[in-house]
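These notes are about the structure you will find just below.
In my numbering, the protein residues as written are -17 to 545.
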């Protein structure tokens, strides 16, 4: 009797364990076999230009997936798929299908409507196979604005292995506005049969589409300027002075950001990353260059503020000047003769500025430079943006552990030495000179805008410099005027501006020994509406930059920007 009781007790305990304790485990396993959980991907928001032209959009495509655990005859399934699509399946996928029975794999990354219809018509014969629609990112103006738009990449992590089209912004606006663009994932549960075909929907949480982002960029202007650059290394920035709106931010050479959508092969990445022209760099905000003679605008304002010279006093330029036993050269080796400040700006006379540099406080130069936008970040949100350098006594002591010298000042006043600026900063500088206001670049379009604050600068000094910049472009002695006449460029609208040539001597190639060229300017001269900066590498001086800037203003006039 005792043995019977023990036996019954053991059987009862075992039955309880199987029916109660293990029930939840088997229920979960059963649910996993009959329920398919699927992400509902949000549609990423579009990126638009100021006229609602799509710069980043989405294409509806279809992806073919397979639950391998449901496939009894892998070879038979492969034959059927090949018949329907005429697309071979990669060998590594075949290996996964035959050796890993628990995974969901992507058989075809993209199929068209014709292939989709054939698969759907025969879906009952394709055990474990199902089709998922998705939206693929597409950049219609890829090479024209790749640096500012950026690109997206796969999100890494096991939670997302089922859908490798879930992406995140990596660079450009795609990165800075990722939270606005990406939307929110949805979720759907389906009951499926033994062949993993859908029987019914159990629950659903809809995805939320991302928001569109509208930029100040004008893509037709951007595209036109890109064509003007014609692949030459350089950058162009166009600003609307009153609002700070960035109408164009061109960097050349560029790249096709569509290449990054599905990920690059090592070979493709190495090819673009090892390109000596550095196409991935956004030269407009990440390239640091000496401002060259465009900085004479700052020097003139500093001299006027420091009251070191009367603007009408003439200084003799014989082509060079000896200071402290060292000879400093003017670009015009024959000399400019007797010259005042206005004409020294117009003809870009180095000797004039070398002479007054001996009496200007470097701290005043530094303060004026920062007032007009140098050595500043403008919170563009773009990852590549750099600050540049405006050196002074404190900077040299901190970075070089030596005292400031007069020779440093002589280099600085003509835009050389340790000075470093970006093309965007050059555009900001000339926009502030044109308006007398603290212009700040704006990338996101908004009909409402706040009027910029007045700069802390003497208005008479500013008007004097503005008159000198008019002579640069429109008088017989002006450096820009000479370039424009020589090139035969039509002057459809009158601009003011300043040229600059950055000396290059550390590259062996003859072509790459040529100076870089800079032009900064605004138009129209008497009621400034737009500011432009042009930087071009190894062009032998500022001639091509000046011509390109005038062509930009001409294009804008013809296409109604000045209306």
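Ideal placement from N, C-alpha and C gives every residue a C-beta, glycine not left out.
Helix, strand or coil at residue i according to DSSP, with G and I counted as helix
i           : result
residue 166 : strand
residue 299 : strand
residue 308 : strand
residue 70  : coil
residue 172 : strand
residue 99  : helix
residue 421 : coil
residue 208 : helix
residue 232 : strand
residue 369 : coil
residue 110 : coil
residue 508 : coil
residue 78  : helix
residue 7   : For residue 7, the pLDDT reaches just 48, beneath the cut-off of 50, and the residue's location in the model is therefore unreliable, although a value from the coordinates is still provided. Residue state, collapsed to three classes: helix.
residue 547 : Since the first residue of the chain shown is -17 and the last is 545, residue 547 is not available in this structure.
residue 182 : strand
residue 513 : strand
Neighbourhood of residue i by C-beta, 7 Å cutoff - its chain only, sequence neighbours within 5 removed
i           : result
residue 456 : 463 and 476
residue 522 : 496 and 497
residue 213 : 234 and 235
residue 604 : Since the first residue shown for the chain is -17 and the last is 545, residue 604 is missing from the structure and cannot be characterised.
residue 499 : 483, 518, 521, 523, 524, 525, 526 and 527
Residue i - containing beta strand (DSSP E), residue span
i           : result
residue 481 : 478 to 484
residue 221 : 216 to 222
residue 468 : No beta strand (DSSP E) contains residue 468, which is instead part of the alpha helix (DSSP H) from 461 to 469.
residue 443 : Taken as a continuous stretch (DSSP letters only), residue 443 belongs to no beta strand (DSSP E), being part of the alpha helix (DSSP H) at 441 to 456.
residue 23  : From DSSP, residue 23 is part of no beta strand (DSSP E); its letter is neither H nor E.
residue 86  : 86 to 93
residue 382 : Not the beta strand (DSSP E): residue 382 falls in the alpha helix (DSSP H), residues 375 to 382.
Distance CB(residue i)-CB(residue j) smaller than 8 Å
i           : j           : result
residue 226 : residue 502 : no
residue 37  : residue 266 : no
residue 274 : residue 450 : no
residue 478 : residue 454 : yes
residue 303 : residue 356 : no
residue 425 : residue 362 : yes
residue 70  : residue 189 : no
residue 66  : residue 17  : no
residue 395 : residue 370 : no
residue 415 : residue 271 : no
residue 474 : residue 530 : no
residue 373 : residue 389 : no
residue 29  : residue 195 : yes
residue 296 : residue 320 : yes
residue 276 : residue 480 : yes
residue 279 : residue 285 : no
residue 430 : residue 223 : no
residue 47  : residue 89  : yes
residue 27  : residue 193 : yes
Supposed contact pair residue j and residue i - C-beta distance, whole angstroms, cut 8 Å
i           : j           : result
residue 365 : residue 153 : 6 Å
residue 217 : residue 517 : 5 Å
residue 221 : residue 513 : 5 Å
residue 368 : residue 322 : The pair is not a contact, with the Cβ atoms about 37 Å apart (cut-off 8 Å).
residue 200 : residue 34  : Their Cβ separation, rounded to whole angstroms, is 11 Å, which puts residue 200 and residue 34 out of contact at 8 Å.
residue 482 : residue 524 : 6 Å
residue 120 : residue 39  : 5 Å
Residues near residue i by beta carbon distance below 8 Å, same chain, minus five either side
i           : result
residue 583 : Given a span of -17 to 545 for the chain in the structure shown, any question on residue 583 remains unanswerable.
residue 92  : 43, 44, 45 and 118
residue 345 : 374 and 375
Residue i beta carbon near the ligand ADP (any heavy atom closer than 7 Å)
i           : result
residue 191 : Absent from the structure shown: the ligand ADP. Ligands present: none.
Segment limits, alpha helix (DSSP H) that includes residue i
i           : result
residue 154 : 154 to 158
residue 248 : 248 to 255
residue 285 : 278 to 288
residue 42  : Residue 42 -> not in any alpha helix (DSSP H); beta strand (DSSP E) instead, spanning 36 to 49.
residue 535 : 525 to 540
residue 389 : 388 to 395
residue 333 : 332 to 339
residue 559 : Within the shown structure, residues of the chain are numbered from -17 to 545, placing residue 559 beyond reach of any answer.
residue 265 : 265 to 268
residue 124 : 124 to 131
residue 344 : 344 to 353
Close-in-space but distant-in-sequence residues of the same chain around residue i (CB under 6 Å, 5 per side omitted)
i           : result
residue 333 : 299, 303 and 312
residue 471 : 529 and 532
residue 20  : 170
residue 98  : 44
residue 339 : 391, 392 and 395
residue 386 : 375 and 378
residue 191 : 24, 25 and 165
residue 185 : 171
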